[in-house]
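First the structure, in the form of structure tokens, and then the observations on it.
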Amino acid sequence: MNGKRHLQIAPSILTSDFTCLGGTLEMLNSSQCDYIHLDVMDGVFVPNISFGFPVIRNIAKKTAKPLDVHLMIVDPDRYIGALRDAAPEYVTVHYEACTHLHRSLQNIRANGMKAGVVLNPHTPVSSLEYIAEFCDMVVLMSVNPGFGGQSFIESTYRKVAETKELLLRIGSHALIEIDGGVNLTNARTLRDAGADVVVTGNAVFASEDPAATIELFKSL
Ligand code: DX5
Ligand code: ZN
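Residue numbering for the sequence shown is 0 to 219, as defined by numbering that gives the first Met the number 0.
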């Protein structure tokens with residue numbers, strides 16, 4: 000047995016072919032992925048629109064994998080109730096989109112889901128100082144949210160290490176997830192810096208054999 004920590008993998012279906020969603024879910028169900036990452040975009044907080052809550056409810060019926068719902072929307076509190084039936088494991092909201100972030104996190108937890116905060120690339124780790132204790136997950140965006148297939152922003156490595164330090168200091172067990180531009184090369188460095196989960200969109204869905212690519216991520 001070696002002592003290396005295995006990364007958890009959360010494939011994002013954003014860049015998959017939505018006309019084949021059933022097949023994609025079957026592939027993910029029989030793959031080694033740990034979560035399915037669902038990117039909800041409203042065309043206001045981010046310059047793109049993806050899919051909404053009826054789609055998520057239908058996805059939930061077709062998978063036993065835990066769902067990790069990333070809300071890139073303004074005023075997410077309006078929609079937390081709409082997620083209850085899908086019972087995602089994690090619901091994450093943006094620091095930049097929530098005026099009353101503490102209340103939003105409590106709202107997610109009160110609805111029986113785990114709560115997380117997402118930081119955009121420009122948002123400092125120190126923003127977590129008074130909120131991390133209420134988080135089950137911290138997500139660091141390593142691209143500007145809105146689109147799949149963008150390049151990884153290198154300063155994320157430093158941010159992971161700083162986040163790990165902050166979480167340890169306050170005694171938080173929140174997972175650190177990295178979202179955007181993750182590939183087989185940077186994932187290893189992210190893990191070594193302290194990341195627990197990586198979102199993988201393009202790296203999985205643009206590959207010839209997505210299930211085999213997920214296996215490669217798991218074997219890092
Ligand atoms: C970006 C999304 C990501 C993204 C991941 O706004 O939050 O989840 O689609 O896809 P890749 O891995 O292609 O950057
Ligand atoms: Zn995402």
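Think of the CB as a built atom: it goes at the ideal place given N, C-alpha and C, for glycine as much as any other residue.
Predicted model, so just to flag it, every value in this text is computed and none were measured.
Looking at the unbroken alpha helix (DSSP H) that takes in residue 217, where does it start and where does it end? 209-217
Span separating the alpha-carbon of residue 134 from that of residue 92: 11 Å
Any heavy atom of the ligand DX5 inside 8 Å of the beta-carbon of residue 149? yes
What does DSSP give as the partner residue(s) for residue 89 in the beta ladder? 67, 113
Is the segment 14-24 in contact with the segment 155-170, if contact means three or more CB pairs nearer than 8 Å? no
Local Cβ density within 10 Å of residue 177, reported as buried at 16 or more and exposed below that: buried
Under the three-state DSSP convention, the category residue 5 falls into: coil
Nearest-angstrom Cα distance between residue 88 and residue 195? 15 Å
According to the Cβ coordinates, are residue 4 and residue 168 closer than 9 Å? no
With a Cβ-Cβ cutoff of 9 Å, do residue 12 and residue 35 count as a contact? yes
Which value, in whole angstroms, describes the spacing of the CA atoms of residue 102 and residue 186? 33 Å
In or out: residue 15 buried (at least 16 other Cβ within 10 Å) or exposed? buried
State the CB to CB distance for the pair residue 199 and residue 65, rounded to an integer number of angstroms; the pair is presumed to be in contact (CB under 8 Å). 16 Å between Cβ atoms; not a contact.
Figure out for me which residue from 163, 182, 37, 127 has the closest Cα to the Cα of residue 152. 182
Who are the near neighbours of residue 44 in its chain, counting only those whose CB is closer than 7 Å to its CB and skipping five residues on each side? 71, 72, 73, 93, 96
Mark residue 69 as exposed unless 16 or more other C-beta atoms lie within 10 angstroms of its C-beta, in which case mark it buried. buried
Among the residues of its own chain, which have a CB less than 7 Å from the CB of residue 147, if the five just before and after it don't count? 11, 13, 14, 200, 201
Extent of the continuous alpha helix (DSSP H) to which residue 176 belongs: Unbroken run through residue 176 is the beta strand (DSSP E), 174-178; no alpha helix (DSSP H).
Span of the beta strand (DSSP E) around residue 48: Here residue 48 belongs to no beta strand (DSSP E), and DSSP marks it neither H nor E.
With which residues is residue 199 paired in a DSSP beta bridge? 10
Could you say which of 46, 53, 136, 111 lies nearest to residue 117 if we only look at CA atoms? 136
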